[in-house]
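Reviewing the structure listed below.
Residue numbers (UniProt numbering): 1 to 97.
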């Protein structure tokens, strides 16, 4: 598997301690949330499409609705599943921010 080298995605973690197999959910989520095209390419070479899709559809994934919609479209996830995921995401009350 390809080594993980982009430290800017993992500013809060020592990159040398990240196991890209054991911590694949963490790595995939960071790339989906903060990565650029090179990171996306690395992710697609390092992980299977099913691994990436499973992270996108996880209940606790920390992606905003626009990102979820984008990634669902990018990975050809059925629209009804994507919509269900977006509707299930709890909205924060704007006055509590």
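Using N, Cα and C, we set each Cβ at its ideal position, and we do this for glycine too.
Residue interval of the alpha helix (DSSP H) (run including residue i)
i, result
"residue 42", "37 to 46"
"residue 29", "24 to 34"
"residue 103", "In the structure as shown, the chain starts at 1 and stops at 97, and residue 103 therefore has no counterpart that could be examined."
"residue 51", "49 to 56"
"residue 66", "65 to 74"
Rounded straight-line distance, which links the Cα of residue j to that of residue i
i, j, result
"residue 37", "residue 44", "11 angstroms"
"residue 28", "residue 60", "13 angstroms"
"residue 41", "residue 32", "11 angstroms"
"residue 14", "residue 39", "18 angstroms"
"residue 6", "residue 34", "11 angstroms"
"residue 11", "residue 78", "33 angstroms"
"residue 52", "residue 64", "16 angstroms"
"residue 25", "residue 54", "9 angstroms"
"residue 74", "residue 22", "25 angstroms"
"residue 3", "residue 81", "33 angstroms"
Beta-carbon separation (whole angstroms), residue i vs residue j, contact threshold 8 angstroms
i, j, result
"residue 104", "residue 30", "What is shown of the chain runs 1 to 97, which leaves residue 104 out entirely."
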